[in-house]
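What follows is one structure encoded as structure tokens, with my remarks underneath.
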Amino acid sequence: MPVIELKNVTKIFDEKKSNIHALSDITLSVEEGEIFGVIGLSGAGKSTLVRCMNLLEKPTSGEVLVDGKNLIALSNKDLRLMRREIGMIFQHFNLLMQRNVRDNVCFPMEIAGMKRREAREKAMEYLEIVGLREKADAYPVQLSGGQKQRVAIARTLASNPRIILCDEATSALDPQTTGTILSLLKRINKDYGITVVVITHEMRVVEEICDRVAVLDQGTLAEIGPVKEVFHNPRSNAAKNLLLERRINQMGANAADGI
Amino acid sequence: MPNLGIEVLFKGSNMLRLLGGLWVSLRISLIAVGFSILLGIPLGILMTVNSKIIKAFTRLYLEVVRVMPQMVLLFIVFFGTTRIFGWNLNAEIASVIVFSFWGTAEMADLVRGAFISIPKHQYESARALGMNSPAIFTVVILPQTVRRLLPLSINLVTRMIKTTSLVMMIGVVEVLKVGQQIIEANRTSSPNAAFGVYGTVFLLYFIGCWPISMLSKYLEKRWSNA
């Protein structure tokens, strides 16, 4: 059963001189429990697409259904409650710098009205999951990028989401740290059955964790399908180009290894 | 060793008079600072609103304050209003008005700067966590804004204290004017009093402003890594 459905979603940004079609008539669905990738070059509309999934961006037209409920028709209050079931992590982590790690994780629980003591206990459990229990009293500035992203993941888990949206969550990280974050996301997906949507421009991310992938090209859906299919038999030019780029990079890496 | 002219300070109640003058300076600036904060914060928030009319007005206000020397403002308010409206403004009140007018503009600009320096994604992630706008503002945005704002506004306070030395030009007897009076009164008996008295005035300003500067430095340091 699809947990997220986009139906004919179009997003137009009104700019002074011209209208920008960030998304044109996108229809796709994300299945419960899968890891769904959205890939495309920068400017392809990936970030706008993922922001439509929790209505941080309101589509100009079309419908966004989460669990069969049309988000656009929800009242502000219901939308806020719905957003708590849709976690989101960002490229720049977006932690609160003036709060320590534990209090950052407590934050969504406090907003939801949980008692402070209970929230603090829960926070330690979530920090355990992301392997940062011992950093509970540290401040974000004292952490590495990968650790910050793990705190952000713990914070997202704290609102007990059914879906986690990742907006270029590994793009600010080095390849090795990217690996640890990806396997953490995969583990969360497996262990807790949380659906994960990953927005990225890196083929590697899709290759490593995604079940299915959508290729965006200048605001249109170029191709969608299981990762293996799209990677072995790309039909759209956008997918072919992304794969070509990947191959060239690999060849470069292999050549360098040969020396 | 030349006579430094310090002995004048110990004649009669001269030292007390100087301290009284310092109090006048501090009183004017602190009252003005209070008004500036009270008026500057809402104005600064207003300046972040996306409206051409508001932008035009606040811009004009800010430029007027920046371009016009404080002394000219003092003269306009103190002498100008008497002629035009027939107001008999007390010099100290005129000073408070001018300094509040100036401080409000500067404060509003600092507030505006602090607010727009909060990255857009802070709002975004707060919304993604399911928070409503009042909560986002008070819990996420405001604490970060205050941190950015406080060191800068403390700096503004010290600038305002220093600039109060201008108010003697409209007849307010503040620390510098008291100093001048003491020097004049002792011209024959202590011709070197200028050094001692102005030196003391300098020290008094220093004592007034330095702790405030240190506080600002301390906060900046403490908050830059927390």
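Here the protein sequences come in this chain order: P and R.
Here my numbering is used: the first residue of the first sequence is 1, the next is one more, and so on.
Here my numbering is used: the first residue of the second sequence is 1001, the next is one more, and so on.
Glycine included, C-beta positions come from ideal geometry on N, C-alpha and C.
- Look at the segment 181-222 of chain P and you find these whole runs of alpha helix (DSSP H), each 4 residues long or longer: 203-209.
- Partner residues in the beta bridge of Asp167 (chain P), as assigned by DSSP, are P:Ile199.
- With a beta-carbon spacing of about 10 Å, Ile1041 (chain R) and Val1146 (chain R) fall beyond the 8 Å limit used to define contacts.
- Secondary-structure assignment with DSSP links Pro226 (chain P) through a beta bridge to P:Arg212.
- Annotated three-state conformation of Asp14 (chain P) is strand, per DSSP.
- Taking all protein chains in view, the Cβ of Arg1059 (chain R) is surrounded by fewer than 16 other Cβ atoms within 10 Å, so the residue is classified as exposed.
- Look at Gly1005 (chain R) here: in three-state DSSP terms it is coil, with no helix or strand label.
- Secondary structure at Glu5 (chain P): strand, using DSSP grouped into helix, strand and coil.
- Beta bridge pairing from DSSP links His21 (chain P) with P:Ile12.
- Using a Cβ-Cβ cut-off of 7 Å, Glu1124 (chain R) is close to Leu56 of chain P, given in chain order.
- Here Leu1074 (chain R) is not near Thr1081 (chain R), since their CB atoms are 8 Å or more apart.
- Look at the segment 1090-1169 of chain R and you find these whole runs of alpha helix (DSSP H), each 4 residues long or longer: 1091-1116, 1120-1128, 1142-1163.
- Proximity of Arg1222 (chain R) to chain P, defined by a Cβ-Cβ separation below 8 Å, is not satisfied.
- Contact between Thr177 (chain P) and Gly145 (chain P) holds: CB atoms are separated by about 6 Å, below the 8 Å threshold.
- Out of P:Gly113, P:Lys135, P:Arg102, the CA that lies nearest to the CA of Glu121 (chain P) is found in P:Arg102.
- Among the residues facing chain P, Pro1134 (chain R) is not included, as its CB has no counterpart in that chain under 8 Å away.
- Its chain contains Tyr139, Pro140, Val141 as the residues whose beta carbon lies nearer than 8 Å to that of Met97 (chain P), once the 5 sequence neighbours on both sides are disregarded; these appear in chain order.
- Judged by DSSP in its simplified three-state form, Val1197 (chain R) adopts helix.
- Contacts with chain R (Cβ-Cβ distance below 7 Å) from the segment 139-159 of chain P involve Tyr139, Val141, Ser159, listed in chain order.
- Non-local C-beta neighbours of Val30 (chain P) in its own chain, meaning closer than 7 Å and more than five positions away in sequence, comprise Pro2, Val3, Ile4, Phe36, Thr195, Val197, ordered along the chain.
- Membership of Gly87 (chain P) in the beta strand (DSSP E) is indicated by the continuous run 86-89.
- At a cut-off of 8 Å between C-beta atoms, Leu244 (chain P) does not count as an interface residue with respect to chain R.
- Against chain R, the CB of Met88 (chain P) has a partner CB under 8 Å away; the residue lies at that interface.
- By the Cβ test, the segment 181-191 of chain P is in contact with the segment 147-163 of chain P, since at least three Cβ pairs between them sit closer than 8 Å.
- Asn104 (chain P) has a beta carbon lying at 8 Å or more from every beta carbon in chain R.
- Beta-bridge analysis with DSSP links Ile26 (chain P) to P:Val9.
- With contacts defined as CB atoms closer than 8 Å, Leu243 (chain P) and Lys46 (chain P) fail to qualify as a contacting pair.
- Shown here for Asp1109 (chain R): same chain residues with a beta carbon closer than 8 Å to its own, the five before and five after excluded, namely Gly1044, Met1047, Leu1062 in chain order.
- With 16 or more other Cβ atoms from the protein chains shown falling within 10 Å of its own Cβ, Gly1130 (chain R) counts as buried.
- Distance from the Cα of Leu1219 (chain R) is smallest, within the candidate group R:Val1201, R:Asn1050, R:Ile1031, R:Ser1153, for R:Ser1153.
- Any Cβ of chain P closer than 8 Å to the Cβ of Pro1069 (chain R) would place that residue at the interface, and such an atom is absent.
- Note: Ser61 (chain P) is bridge-paired with P:Thr10 in the DSSP secondary-structure output.
- The continuous stretches of alpha helix (DSSP H) do not include Ile39 (chain P), which lies in the beta strand (DSSP E) extending over residues 35-39.
- Taking C-alpha positions only, Val1008 (chain R) is separated from Leu1176 (chain R) by approximately 15 Å.
- Relative to the Cα of Leu1004 (chain R), the nearest Cα in the group R:Gly1199, R:Leu1022, R:Ile1097, R:Tyr1123 belongs to R:Gly1199.
- Around the beta carbon of Gln250 (chain P), a 10 Å sphere encloses fewer than 16 other beta carbons of the protein chains shown; the residue is thus reported as exposed.
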